[in-house]
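By the working numbering, the letter at position 334 of the sequence shown is numbered 952, and the numbering carries on one by one without gaps. Yeah, the Cβ is synthetic: ideal placement off N, Cα and C, and Gly gets one too. Single-structure report; data block below.
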Amino acid sequence: MLQSLLSRGNTGVPWEIGFPEVAIVATIGIAGYLLILAIYQLYFSPISKIPGPWYAALSSVWLYQRYIRGGTIFVMDELHERYGPYVRVAPNIVSVADLHSVTKIHSVKDVFIKGSVYGAMSSNLDVLIVETDPTAFKIRRKMLGSTFNQLSMNLLEPIIRGHVDACLRGIREEIKANGFCNFCELAKLLGLDTAGHIAFGAHFPPLRKEKFNNILRDTTFMLSLTLLRGLPLFGSIETLLSKIPHFAASPFFSCECRLTEFSTKAFDNVQSEIPGCKNGGLVRPLFAKISEDMNDESAKNRLTIKQARDEAFIMLLAGSDTVGLALVFLVWALLKHEDVHRKLDEELKALGNVEIEDSILQPLPYLKSFIQEGLRMYAPLQVPLPRVVPQGGRQLGDYFFPGGVEAMPATYTIMRDPEIFPNPQS
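Here is the structure:
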């Protein structure tokens, strides 16, 4: 085809370039560009010397796909076992399983800002955990963090204890009725009710299981949807699919609307709680001050209604999912290891017939070790999340990371490093 075009040019006949010719030239151009890009990424990129699977140097699609499917931490662990503490997992992302380097990555003095995964989430959620601006992060953290200092936690202890007692009653009732109980569901329900009470006050209604299951489903959908929105072209696909009537995936795409409605009702509970706090109530809901500042033009730092709703969503999700899963794995580990169960039981019985309080439990060494070890082994949130190397680059281990490269701490692998934790799987 090209030879025909060239011969026509030599005879003085005007070129007539149609769609086939344009398609051929475009295909050759794109193929050439991709080939040059692949050669650059494989052999000439500043991080090409860092080991890793060859396909990771060419595209990050496999990594996003693994994020969506789940099991990312196990795949990363296998890669580190094969390639060492530094593994290139995408054209611009390196997974780091060296404790000294991870300490540098999370340093508060030399800040590595949050990376691309956070950016994908922040396109839809304007919340503290995905804030990439260090200054804005400090301001938002100050607004939300006062509830979780030690003094506030002491005031919250009766509230937490009340919800724990309600959970224990639910366990007994289920076992009496069925001979067993779904502790995973009850633990998540405990976390959600407790987080709702702390954030929105005593008027936050305890959730029946049917309603809880719907909320849990929607929060799971929302997390998946947030990650998917970080993929190229997904926004257009979402818009198209969400307009199809009676589409099977409609509940998936409409989860955001239902969660927004739920968080709006939660703010109504805050408004009814504020007068009681002013009249001598000891425990002030986390979102009470936020709600007041939203309507106070003189307030130094204020959240918009969307920001407040997003923070409410994250608070409820963290309360139900992360806290619930941590409880489930701790109880499972306790029942699995009879010797640990026995030692912990002996330590608690040694307290005698006293009212259990946090101040009494804090000094117990074996209980503290059990909780720390359980969270090391079964932390509920170990998804690797990248940080951006500052301008000028940084030396991490034996490799120099140019500015803009994303370093991703492999927490799961580090927590199972035998040089740090002897017999890490036991």
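Beta-carbon gap between residue i and residue j smaller than 9 Å
| i | j | result |
| --- | --- | --- |
| Thr837 | Leu935 | yes |
| Leu985 | Leu966 | yes |
| Ala675 | Arg706 | yes |
| Ser734 | Pro709 | no |
| Val714 | Tyr704 | yes |
| Leu746 | Leu762 | yes |
| Glu856 | Phe839 | no |
| Leu732 | Pro1004 | Before going further, note that residue 732 is Lys rather than Leu in the sequence given. For Lys732 and Pro1004, yes; Cβs fall inside 9 Å. |
| Ala1025 | Phe730 | yes |
| Pro903 | Ala805 | no |
| Lys722 | Leu945 | no |
| Ile711 | Val1023 | yes |
| Ile665 | Tyr1017 | yes |
| Ile1032 | Asp728 | no |
| Ile686 | Ser842 | yes |
| Leu697 | Gly670 | yes |
| Leu952 | Leu962 | yes |
Inter-residue Cα distance where the pair is residue i and residue j
| i | j | result |
| --- | --- | --- |
| Glu975 | Gln768 | 14 Å |
| Lys699 | Phe692 | Inspection of the sequence shows that residue 699 is occupied by Glu rather than by Lys. Rounded to the nearest angstrom, the two C-alpha atoms are 11 Å apart. |
| Arg787 | Asp928 | 32 Å |
| Ala1028 | Asp695 | 8 Å |
| Asp1035 | Tyr701 | 15 Å |
| Gln659 | Ile932 | 37 Å |
| Phe905 | Glu749 | 19 Å |
| Ile833 | Glu1037 | 42 Å |
| His959 | Ser987 | 13 Å |
| Leu810 | Gly937 | 5 Å |
| Phe766 | Arg790 | 31 Å |
| Arg835 | Leu943 | 15 Å |
| Glu639 | Ile654 | 23 Å |
| Glu991 | Leu807 | 24 Å |
| Gly814 | Thr645 | 56 Å |
| Trp950 | Ser868 | 36 Å |
| Ser854 | Ser860 | 10 Å |
| Phe880 | Val941 | 20 Å |
| Phe662 | Leu681 | 22 Å |
| Pro776 | Asp744 | 32 Å |
| Ile642 | Gly636 | 10 Å |
| Val726 | Ile793 | 48 Å |
| Gly898 | Gly780 | Unreliable placement is indicated for Gly898, whose pLDDT of 48 sits below 50; no coordinate value is reported for it. |
For residue i, three-class secondary structure by DSSP
| i | result |
| --- | --- |
| Ser611 | No statement about residue 611 is possible, as the shown extent of the chain runs from 619 to 1044 and does not include it. |
| Val745 | coil |
| Ile974 | coil |
| Arg706 | strand |
| Val729 | coil |
| Ser854 | helix |
| Ile711 | strand |
| Ser872 | coil |
| Asn1041 | coil |
| Arg847 | coil |
| Gln768 | helix |
| Phe637 | helix |
| Ala968 | coil |
| Cys785 | helix |
| Thr750 | coil |
| Lys760 | helix |
| Asn913 | coil |
| Lys918 | coil |
| Gln925 | helix |
| Ile647 | Checking the sequence, you will find Gly at residue 647 rather than Ile. It is helical. |
| Ile691 | helix |
| Gly898 | With a pLDDT of only 48 at Gly898, under 50, the local geometry of the prediction cannot be trusted, and no value is derived from it. |
| Phe905 | helix |
| Ser697 | The sequence given here has Leu at residue 697, not Ser. Note: Leu697 maps to helix in three-state DSSP. |
| Leu982 | coil |
Jot down the residue ranges of each uninterrupted alpha helix (DSSP H) in the stretch 984-1036, minimum 4 residues, whole runs only, in chain order.
1029-1032
Between the stretch 915-925 and the stretch 796-816, can you find at least three pairs of beta-carbon atoms closer than 8 Å?
no
Could you say if the stretch 950-967 and the stretch 906-919 meet the contact criterion of at least three C-beta pairs nearer than 8 Å?
At 8 Å Cβ cutoff, the stretches do not touch.
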